[in-house]
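Everything in the sequence shown is counted per this note's numbering, starting at 1493 for the first residue and increasing by one.
Note that beta-carbon positions come from the ideal geometry of N, C-alpha and C, so glycine has one too.
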Amino acid sequence: MAMRVAMIGGGMIAHDQLLPSLYQLQRLGRIGEIEVCARRRETLEALAEAPLLRRAFPGQSFRMRLEPYEEVIASLPAHSLVVMALPDQLHYDAVMCALRHDQHVLAVKPLVLKLEHARHIEEEARARGLLVGVEYHKRFDDRSLLARRRYREGLFGEFRLGTACLLEKWYYRHSNFQNWFTCDATDAFTYIGCHYVDLVAFITGLRPVEVSLYGIRDRFPNGVEGWLWTDARVIWSNGACLNVQNAIGFPDAAPGTNTQGLTMYCATAERGAWIRHDDQYRGIQYCYTRNPGGPGATLYAEPSTDYFQYVDAGGPGLVPVGYGYRSVAYIVERALELQGLAPEERREKLAAWDRAGVMATPANSSYNEAVIEAARQSLAEGGRPVPVAAA
Ligand SMILES: NC(=O)c1ccc[n+]([C@@H]2O[C@H](COP(=O)([O-])OP(=O)(O)OC[C@H]3O[C@@H](n4cnc5c(N)ncnc54)[C@H](O)[C@@H]3O)[C@@H](O)[C@H]2O)c1
1493 MAMRVAMIGG GMIAHDQLLP SLYQLQRLGR IGEIEVCARR RETLEALAEA
1543 PLLRRAFPGQ SFRMRLEPYE EVIASLPAHS LVVMALPDQL HYDAVMCALR
1593 HDQHVLAVKP LVLKLEHARH IEEEARARGL LVGVEYHKRF DDRSLLARRR
1643 YREGLFGEFR LGTACLLEKW YYRHSNFQNW FTCDATDAFT YIGCHYVDLV
1693 AFITGLRPVE VSLYGIRDRF PNGVEGWLWT DARVIWSNGA CLNVQNAIGF
1743 PDAAPGTNTQ GLTMYCATAE RGAWIRHDDQ YRGIQYCYTR NPGGPGATLY
1793 AEPSTDYFQY VDAGGPGLVP VGYGYRSVAY IVERALELQG LAPEERREKL
1843 AAWDRAGVMA TPANSSYNEA VIEAARQSLA EGGRPVPVAA A
């Protein structure tokens, strides 16, 4: 029988990337029934009726589940896939719940906020022979995979200094973020800075050893305070230094859905080297005759076909393309590969994937949790440098 998939959480990332990727995999016959669990009926209705999803996937739908997610997970056959798309601070309980019910997990990043929690997840998953794939989709951008291969061939020498940024648009402040993006729970670096820390580790194989995080508190429209602007300095195992700036504050009138990119200055003893990725501007410039609509849409636009877009490939509906889709498909395919295998065979495959390091797993990417934990401490102490625990 086809693998069942239950997505927990039906917010922005569910709409923009996860559900359309799952619908495409369902269309291809790779997965069976899709269920989506949220606390409010309106969340599920809005997702079910989202115009772009209906146009892209005519005749496809998901089963709405309004029960607590624990009940939804308990109702699945063992070795189904739980797609966890909840706010950052709820990840740990939800992932552990899925594992205790013998479910494979696709988790949005950051997996959890504490190294100890990542270790619990790793141990529980290993004991049961279950997959936990952390959806760091930037890894599936071909430019990341190419930089990783070239770096590991020694073409850049060693990473020395770098800068990265990812600033989301201002309109995010009006979204559900107002209800969970609170100072005590998360911050701009924890939410999106982790992508570039993960990428530098992914490309170079270096590990972060110290972090200092400076933040500015700002208010959401409902008056709630969040760390909406952050500046991080991450020191690496070879002494290299990466600066990462993050915010929910890029102007809505600017083109594209955000601004983002990575520059790495590298060297051998004799020569300098350089990697620069403009992750925002992918070479497309559009000026429309009218605003196409949707949050943050602009008359002048710089769309990216690299992350996630829908194309008309002859129908029915539209086909999602980009690394956002490939990343979800990759993790789903790994869960499918484990179907029907004995626990020992599953553990062998899982260990090989941990070692290959392409898919982020608790065993090969928990330096992200160690950085977040140290960064949160640094933030609370005005940016004091805090050592990153060895993951
Ligand atoms: N670039 C990325 O990889 C990326 C991008 C966006 C979001 N994310 C991550 O995805 C997660 C969700 O972000 P989002 O933008 O979708 O947020 P969101 O606020 O739009 O959605 C969160 C959803 O969780 C649901 N929810 C909350 N508590 C629940 C509960 N107890 N049971 C069931 N549902 C519950 C809410 O109803 C909502 O549908 C965050 O951890 C975020 O960091 C990752």
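- Message: Considering Cα atoms alone, identify which of A1599, K1630, D1594 is closest to A1617.
- Response: D1594
- Give me whichever residues DSSP pairs with A1724 in a beta bridge. L1705, V1736
- Message: When you compare the CB positions of V1574 and V1597, do they come within less than 8 Å of one another, or not?
- Response: yes
- Item | CA nearest to the CA of N1860, picked from L1698, Y1773, L1520 | Shortest Cα-Cα distance from N1860 to any of L1698, Y1773, L1520 involves L1698.
- Message: Let me confirm a value: M1493 is counted as buried when at least 16 other C-beta atoms fall within 10 Å, else exposed. Which label applies?
- Response: So M1493 ends up on the exposed side.
- Item | Reduced DSSP secondary structure (H/G/I, E/B, other) of F1712 | coil
- Task: Spatial neighbours of L1828 within its chain, please: CB distance less than 7 Å, with the 5 preceding and 5 following residues excluded, ordered by chain position.
- Result: M1495, R1522
- Kindly indicate which three-state DSSP category K1606 falls into: helix, strand or coil? coil
- Query: Would you say V1600 touches ligand 1, meaning its beta carbon is less than 7 Å from a heavy atom?
  - Reply: V1600 Cβ: within cutoff of ligand 1.
- Where the alpha helix (DSSP H) containing E1559 begins and where it ends: For E1559, there is no enclosing alpha helix (DSSP H), as DSSP marks it with neither H nor E.
- Taking only runs that begin and end inside the segment 1620 to 1683, name each unbroken beta strand (DSSP E) of 3 or more residues, in chain order. 1624 to 1627, 1650 to 1661
- Message: Here's a check: name, in chain order, each residue in its chain whose Cβ is nearer than 7 Å to the Cβ of H1583, leaving out the five neighbours to either side.
- Response: M1576, A1599, L1603, V1604
- Message: Measuring only from the beta carbon, is N1856 closer than 7 Å to any heavy atom that is part of ligand 1?
- Response: no
- Message: Alpha carbons only, please: which of R1620, G1874, E1650 is nearest the one belonging to R1725?
- Response: G1874
- Query: Can we count H1629 as close to ligand 1, meaning its CB is less than 7 Å from some heavy atom?
  - Reply: yes
- Task: Give the DSSP-derived three-state secondary structure of H1507 in the structure shown.
- Result: helix
- Report back the beta-carbon spacing between R1652 and C1529 to the nearest angstrom; my notes put them in contact at under 8 Å. Incorrect: roughly 46 Å between the Cβ atoms, too far for contact.
- Could you give the DSSP three-state label for E1829: helix, strand or coil? For E1829, the three-state secondary structure derived from DSSP is helix.
- Item | Short CB-CB distance (under 8 Å) between V1811 and chain D | No chain D is present in this structure, which holds just one protein chain.
- Message: Taking only three categories from DSSP, how would you classify I1695?
- Response: helix
- Would you report the Cα separation of R1763 and L1545, rounded to the nearest angstrom? Roughly 50 Å between the two C-alpha positions.
- Task: Mind checking which residues open and close the beta strand (DSSP E) that includes H1596?
- Result: 1596 to 1600
- Message: Measuring alpha carbon to alpha carbon, tell me which residue in G1741, I1684, A1693, T1696 is nearest D1710.
- Response: Distances from the CA of D1710 to each of G1741, I1684, A1693, T1696 were compared; the closest alpha carbon is that of G1741.
- Task: Would you tell me roughly how many angstroms separate the C-alpha atoms of L1591 and R1620, rounded to the nearest one?
- Result: 8 Å
- Task: Select from A1693, P1747, H1629, A1883 the residue whose C-alpha is nearest the C-alpha of P1787.
- Result: Closest option to P1787, Cα to Cα, is P1747.
- Query: Taking DSSP as the reference, what is the three-state secondary structure of T1853?
  - Reply: coil
- Query: Heavy atom of ligand 1 less than 7 Å from the Cβ of A1881, yes or no?
  - Reply: no
- Message: Given a cut-off of 8 Å on the beta-carbon distance, is the pair P1877 and E1702 in contact?
- Response: yes
- Query: What number of angstroms, rounded off, separates the C-alpha of A1848 from the C-alpha of T1781?
  - Reply: 47 Å
- Cβ-based neighbour list, A1566, same chain, cut-off 7 Å, excluding 5 preceding and 5 following: H1593
- Message: Does the distance between the C-beta of P1812 and the nearest non-hydrogen atom of ligand 1 fall short of 7 Å?
- Response: no
- Does DSSP classify Y1802 as helix, strand or coil? strand
- Query: In terms of DSSP beta bridges, what is R1768 paired with?
  - Reply: T1755
- Query: Is the segment 1628 to 1642 in contact with the segment 1664 to 1675, if contact means three or more CB pairs nearer than 8 Å?
  - Reply: No: fewer than three Cβ pairs fall under 8 Å.
- State the CB to CB distance for the pair D1679 and T1722, rounded to an integer number of angstroms; the pair is presumed to be in contact (CB under 8 Å). 6 Å
- D1723 beta carbon near ligand 1 (any heavy atom closer than 7 Å): no
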